[in-house]
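Peer 1:
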Amino acid sequence: MSGGGRPPDASPTAGPATGDEPATGDEPATGDEPATGDEPATGDEPATGDEPRPATYYHLARAVLYREFLIFVRYPANAIGGIVVSLFFFAALFLGGQLLAGQALADSIEGIVVGYFLWTLAVGAYSSVSNDIGSEVQWGTLERHITTPFGFAPVALLKGVAKVVRTFLTSAVILAVMLLATGTRLSLAPVTVVVVAGLSIVSVLGLGFAAGGVTVLYKRIGNWLNLLQFGFVGLISAPVFDLPWTRVLPLAHGSAMLQRVMVDGVRLWEFPLADLALLVAVAVGYLLGGYLVFQYATGRARRLGVLGDY
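Under the UniProt record's numbering, the sequence shown has 103 at position 103, and the numbering climbs by one with no breaks.
(1) Buried or exposed, going by whether 16 or more other CB atoms sit within 10 Å of the CB of A256?
(2) Is the region 145 to 156 in contact with the region 231 to 239, if contact means three or more CB pairs nearer than 8 Å?
(3) Assuming the contact rule is C-beta atoms closer than 8 Å, A189 and R267 should be a hit. Round their C-beta distance to whole Å, please.
(4) In whole angstroms, give me the CA-to-CA distance for N131 and F94.
(5) Alpha carbons only, please: which of T192, L175 and Q295 is nearest the one belonging to R185?
(6) Count the CB pairs spanning the region 111 to 129 and the region 161 to 177 that are closer than 8 Å, and state whether there are at least three.
(7) So, using beta-carbon positions, are V113 and L180 closer together than 8 Å?
(8) Report the residue from Q229, F241 and S187 whose alpha carbon sits nearest the alpha carbon of D264.
(9) For V193 and Q138, I'd like the C-alpha separation in whole angstroms.
(10) Is there contact here, the region 236 to 248 with the region 287 to 294, by at least three beta-carbon pairs under 8 Å?
(11) Determine the extent of the alpha helix (DSSP H) in which L142 is found, giving its start and end residues.
(12) Helix, strand or coil: which one does DSSP assign to Y286?
(13) I need the boundaries of the alpha helix (DSSP H) containing I112, first residue and last residue.
(14) For H253, does the count of other Cβ atoms within 10 angstroms reach 16, so buried, or fall short, so exposed?
(15) With a threshold of 7 Å on Cβ separation, who are the neighbours of A122 within its own chain once the five nearest residues in sequence on each side are excluded?
(16) In chain order, what residues of the same chain lie with their CB nearer than 6 Å to the CB of L217, ignoring the 5 residues before and after it?
(17) Around the Cβ of W119, are there at least 16 other Cβ atoms within 10 angstroms (buried) or fewer (exposed)?
(18) What residue does the alpha helix (DSSP H) around V193 start on, and which one ends it?
(19) Could you tell me the distance, in whole angstroms, from the CA atom of L274 to the CA atom of A197?
(20) Here's the rule I'm using: 16 or more other beta-carbon atoms within 10 Å means buried, otherwise exposed. How should V85 be labelled?
(21) Output the distance between the C-alpha atoms of L258 and S171, rounded to the nearest integer angstrom.
(22) Would you give the residue range spanned by the alpha helix (DSSP H) that V177 belongs to?
(23) By Cβ distance, which residues of its chain are closer than 6 Å to G213, with the 5 residues on each side in sequence left out?
(24) Can you grab the Cα-Cα spacing for the pair G284 / A277, in whole Å?
(25) Looking at G134 and G206, is the spacing between their C-beta atoms short of 8 Å?
(26) Taking a contact to mean a Cβ-Cβ separation below 8 Å, would you say residue 325 touches Y58 in this structure?
(27) In terms of alpha-carbon separation, which member of A92, G305, Y66 and A61 lies closest to T182?
(28) State the DSSP-derived secondary structure class of V240, mapped to helix, strand or coil.
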């Protein structure tokens, strides 16, 4: 037995673990280890289906129509007031005509009712675009609309379409009251009336765009804009049969076709193809022309630095 022997469990390599030894499962993972599926997603990972989708023109149209509906139902006094004012003007026209023309008015009352119906539609379509643009200029919110992904022109156009839909409803009420008050009978084929009247007032939307563009440049021109509304009376009553060139004017050709629809009972498919083509061409032409005028006017206002001024 020697006193210099080692204990049996002792080893020359025994000692504390060094940094060169592999980490066990009990040790925390370091930054060099691959991330597991339990870790939160980073910004470099592909987007999931929870992210918001970009708005489309469908969403814009739905929002504009819903907004117009809310305005109509939340402010019924204003809507009813517009109907009453329109009926008041028609009563003045009808009663005054009876006093002055007598039987001559009675023979043409159907044409007057149809013409006044189209005039209410035209005024609603025109003022919806021009007045809306004028209000945006006055409130100082025009630039906000122009910087939207859609641009202001599509927004204004869809607002105009929404107001035209509302105007169709209110004008239908006015038409019903006029028919009851005068005892007049008209042919009311819904599809034909809506198509012909709708295409007729599309040209007026173009005039509204042009007037709105002028408003962006010159700001306060409300009196001139209101004066044009009375010019619609001359366009609606234009003698398109005696003066064929007047067919290319806004409302003129559409008014003549609407008279044949509601007075003579002509259906849409009974019109010559040339008449329908001219109606569409006039509508698209004036709408495109008004849109170009609006784009030019807003572009010039930007260059002059007066887009947001009032």
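Virtual Cβ for every residue (Gly too), placed ideally from N, Cα, C.
Peer 2: Reading it off the structure:
(1) Locating residue 256 in the sequence shown gives position 256, counting from the first residue. Counting Cβ neighbours within 10 Å, A256 comes out buried, since at least 16 surround it.
(2) no
(3) By one-based count along the sequence shown, residue 189 stands at place 189. By one-based count along the sequence shown, residue 267 stands at place 267. Confirmed, Cβ separation roughly 6 Å.
(4) What you label residue 131 is simply residue 131 of the sequence shown in a count that begins at 1. What you label residue 94 is simply residue 94 of the sequence shown in a count that begins at 1. Approximately 29 Å, taken between the alpha carbons.
(5) As a first step, residue 185 is located in the sequence shown; it is residue number 185 there, counting from the start. The shortest Cα separation from R185 among T192, L175 and Q295 belongs to L175.
(6) yes
(7) Here residue 113 corresponds to residue number 113 of the sequence shown, with the count starting at 1. Here residue 180 corresponds to residue number 180 of the sequence shown, with the count starting at 1. Result no, Cβ atoms of V113 and L180 do not sit closer than 8 Å.
(8) Within the sequence shown, the letter at position 264 stands for residue 264. If we check each option's Cα against that of D264, S187 comes out closest.
(9) On the sequence shown, residue 193 is found 193 positions in, with the first residue counted as 1. On the sequence shown, residue 138 is found 138 positions in, with the first residue counted as 1. Taking the straight line joining both Cα atoms gives about 36 Å.
(10) no
(11) Sequence index remark: in the sequence shown, residue 142 carries index 142 (1-based). L142 to I146 is the extent of the alpha helix (DSSP H) around L142.
(12) Counting from 1 along the sequence shown, the entry for residue 286 is found at position 286. Here Y286 sits in helix by DSSP.
(13) The count along the sequence shown starts at 1 and reaches residue 112 at position 112. Counting along the chain, the alpha helix (DSSP H) containing I112 begins and ends at I109 to W139.
(14) Walking along the sequence shown from the start, residue 253 turns up at place 253. H253 is buried by the Cβ-count criterion.
(15) As a working note, residue 122 is residue 122 in the sequence shown. I201, V204, F232 and L251.
(16) Within the sequence shown, numbered from 1, the residue matching residue 217 stands at position 217. Excluding residues within five positions, the ones whose Cβ falls inside 6 Å are A297 and A301.
(17) Your numbering for residue 119 matches position 119 in the sequence shown. Classification for W119: buried.
(18) Numbered from 1 along the sequence shown, position 193 holds the residue referred to as residue 193. P190 to Y218 is the extent of the alpha helix (DSSP H) around V193.
(19) Taking the sequence shown and counting its residues from 1, one reaches residue 274 at position 274. Taking the sequence shown and counting its residues from 1, one reaches residue 197 at position 197. Looking at the sequence shown, residue 274 is not Leu but Ala. Roughly 17 Å between the two C-alpha positions.
(20) For the purposes of this step, residue 85 is taken as residue 85 along the sequence shown, with counting starting at 1. By the neighbour-count rule (16 or more Cβ atoms within 10 Å), V85 is not buried but exposed.
(21) Numbered from 1 along the sequence shown, position 258 holds the residue referred to as residue 258. Numbered from 1 along the sequence shown, position 171 holds the residue referred to as residue 171. So the two alpha carbons sit approximately 15 Å from each other.
(22) Sequence index remark: in the sequence shown, residue 177 carries index 177 (1-based). Counting along the chain, the alpha helix (DSSP H) containing V177 begins and ends at F152 to T182.
(23) For the purposes of this step, residue 213 is taken as residue 213 along the sequence shown, with counting starting at 1. Excluding positions up to five away in sequence, the list reads V293, F294 and A297.
(24) Along the sequence shown, read from residue 1 onward, the residue named residue 284 stands at position 284. Along the sequence shown, read from residue 1 onward, the residue named residue 277 stands at position 277. The question names Gly, yet the displayed sequence has Val at residue 284. Going from the Cα of V284 to the Cα of A277 covers about 11 Å.
(25) Here residue 206 refers to the residue found at position 206 when the sequence shown is read from its first residue. Here residue 134 refers to the residue found at position 134 when the sequence shown is read from its first residue. No, the pair does not count as a contact, with Cβ atoms beyond the cut-off.
(26) Any answer about residue 325 is impossible in this case: the structure gives the chain only from 1 up to 310.
(27) To locate residue 182, count along the sequence shown from 1; it is residue 182. Of the listed residues, the one whose Cα sits closest to T182 is A92.
(28) Start at 1 with the first residue of the sequence shown, and residue 240 comes out as number 240. Coil.
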